[in-house]
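Only one structure is covered here, and it is reproduced in the block below.
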Amino acid sequence: MVVHAKDEPYLPTSIPKSVRIFEWIQEEQQICLLSPYIDVIKVLLPDGNVKEGKKWQTTHLDIAREISKNLTNNALIAKVNCVLWDMTRPLEEDSQLQIFRFDNDEGHDTLWHSSAHILGQSHETEYGCKIFIGPCTTRGEGFYSDVFCGDSRLNDDHFKLIKARALKAVAKKQPFQQFVITLVEARECVAGMARKMSHFTSRLFAILMKMLLDIEDDPTWHTAELEDEDASETSNYSVGQECLDRLSISLGRNPIVPVASEQLLAYLATPEWQKRLAALIALAQIAEGCSKVMIKNLEQVVTMVLNSSPDQHPHVRLAAINAIGVFPALAAAMDDFQNPRVEIHAASTLLNFSENCTHDILTPYLDGIVCNLPVLLQNGYMVNAIDKSTSRGSKVSGLTIVYNVTFLGSIPYGYIFRW
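Each residue of the sequence shown is one higher than the one before, starting from 27 at the first, in my numbering.
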C-alpha cells in the first residue's frame, strides 16, 4: 500500500474554490427568494392540524419548532407532497407535510446519507480525494464509500485521521445545506466548461428538441374558446421550452447558434409537423440569448419563419406567426377560418400592433382586415379572444379601426358596443 500525504498543491486551491462556489450559489438563490409579495400558504400535518406559513420563507424546521422542541432537535428529513425535502428548504405552496426522525426508514437513510457527506469531507481535507461516492446500502444498514485519490492509496492507518476529522465536524454541529443549480447557470464558477464542450451543447440541444416533439394534436386545441391555452402540451414539451430559453441565456450566442442553425434547418425540412413546430418553438425560445446574432442575420431568420407561415398544419402556422409578428403574414392568417385558434391569434396580434402603428403602415392592409373582422365578430370568437389576449389600449385601437369603417355597413353597431 502506498502511504499518501496531503496533496498540498491541490488543497489550497480546491477547498477555497469549493467554498466560493457554494457561497455564490447561496447568495444568488437568496436574492431569487426575496420578493415584495408574501403569500400565505397552508401546511396540512398527518394529525389533521393545519399550520400557516409564508411562501418561499417558511421551512419545515420552522413548522417543527411550532410543534415541539423534541421534534425540532430530532427531525432529520421532511416529506412534502410525497417528496423528500431537506428540513431547511422553504415551502413553495400549500402542502401536506410529514417530518421524520431516526425511528423510521426515511430517517435512517437521511442519517447515513449525511454521514457519507461528512466522511467525504474528511477524505478531501485530509488526503485531497478527487471523487467520493457514499450511497446508502440496503435500507437501514448504513452506507459504503468509494474514494478516488488518483495514484495514491489509503490504508488502515489513514482512517484514524479521517475518523478524527469526521468527529470534529460532527462536534461543531456543522449545518447541511443543499443547493441545486445547473452547470450552465454556474458558468461564472466553472470557467466556461460547458462552452468549451461543443459536443455537450450539441447533444443537450438535441435532447431538448426531442422533448418538444412530445405534443399531441388535441382536437380541442383548434377551438378559439378553449380556456386552457396549453392544451395538447405535455410536461416534457413545457420543460423543453423552458430549458432552451435558460440554456441560450446561460451559454450565450457563440455555442448555441451553430448548433441551433444545423438542427433547426434539419427539423424544418422534415415531413413530421411536430419537428417543424419544434424548430419554430426553439427559435422563439433562444431568441433572447442569441439576439445579437439574430439581429445581424435578421433577413435569414425572418425568411425562415415566413416560409413556415403557410404550413399545412395549424400548429406550425400558429408557431410561425407567434415567433415573428410580420404584418403580411398576420393579415393572411386572418383568412384561416377553418382554424379559429390561428385566426384569432393573428387578429389579436394585429390589434396589439395597431396601438402604436402609423397610418401609412396600416392602410395597405386595412381592407383585408376589415373584410375578415365581421366574420370573427359574428361567430363570437373575437370578443372572447380580445378580452383574454389584449390590453385595454389595444382594444381601443382596434375599436378605432372598426369604427372608421362602420359607415360602409360592414359591421353592425351591436358588435362595436359589445366589443
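For each residue, glycine too, the CB sits at the ideal point set by N, CA and C.
Just so we're clear, the structure is a prediction, and the values are computed from it rather than from any experiment.
Sequence-distant residues of its chain with Cβ nearer than 7 Å to residue i (five each side left out)
{"i": "residue 350", "result": "328 and 331"}
{"i": "residue 320", "result": "313 and 327"}
{"i": "residue 191", "result": "148, 151 and 152"}
{"i": "residue 72", "result": "124"}
Short Cβ contact (8 Å threshold) for residue i with residue j
{"i": "residue 193", "j": "residue 152", "result": "no"}
{"i": "residue 279", "j": "residue 318", "result": "yes"}
{"i": "residue 141", "j": "residue 202", "result": "no"}
{"i": "residue 231", "j": "residue 289", "result": "yes"}
{"i": "residue 375", "j": "residue 347", "result": "yes"}
{"i": "residue 144", "j": "residue 197", "result": "no"}
{"i": "residue 285", "j": "residue 228", "result": "yes"}
{"i": "residue 106", "j": "residue 121", "result": "yes"}
{"i": "residue 364", "j": "residue 307", "result": "no"}
Same chain, Cβ closer than 6 Å to residue i, neighbours up to 5 away in sequence not counted
{"i": "residue 103", "result": "110, 126, 132 and 136"}
{"i": "residue 185", "result": "none"}
{"i": "residue 269", "result": "234"}
{"i": "residue 90", "result": "97, 98, 101 and 125"}
{"i": "residue 305", "result": "290, 293 and 294"}
{"i": "residue 316", "result": "274, 279, 282 and 283"}
Residue environment, residue i, which counts as buried when at least 16 other CB atoms sit within 10 Å
{"i": "residue 170", "result": "exposed"}
{"i": "residue 345", "result": "buried"}
{"i": "residue 134", "result": "buried"}
{"i": "residue 238", "result": "buried"}
{"i": "residue 371", "result": "buried"}
{"i": "residue 168", "result": "exposed"}
{"i": "residue 325", "result": "exposed"}
{"i": "residue 189", "result": "exposed"}
{"i": "residue 46", "result": "exposed"}
{"i": "residue 298", "result": "exposed"}
{"i": "residue 292", "result": "exposed"}
{"i": "residue 49", "result": "exposed"}
{"i": "residue 53", "result": "exposed"}
{"i": "residue 200", "result": "exposed"}
{"i": "residue 447", "result": "This structure cannot settle anything about residue 447, because the visible part of the chain is limited to 27 through 445."}
{"i": "residue 300", "result": "buried"}
Integer-rounded CB distance, given that residue j should sit under 8 Å from residue i
{"i": "residue 117", "j": "residue 69", "result": "7 Å"}
{"i": "residue 87", "j": "residue 101", "result": "7 Å"}
{"i": "residue 66", "j": "residue 43", "result": "That pair is no contact at about 40 Å."}
{"i": "residue 294", "j": "residue 334", "result": "7 Å"}
Same chain, Cβ closer than 8 Å to residue i, neighbours up to 5 away in sequence not counted
{"i": "residue 85", "result": "113, 114, 115, 116 and 117"}
{"i": "residue 303", "result": "238, 241, 339, 341, 342 and 345"}
{"i": "residue 92", "result": "77"}
{"i": "residue 414", "result": "In this predicted model, residue 414 has a pLDDT of only 48, less than 50, meaning its place in the structure is not dependable enough to derive any value."}
{"i": "residue 128", "result": "100, 102, 134 and 137"}
Validate contact between the region 299-316 and the region 261-277 using beta carbons, cut 8 Å, 3 pairs: yes
Touch test, the region 141-151 against the region 104-118, Cβ-Cβ under 8 Å, three pairs minimum: no
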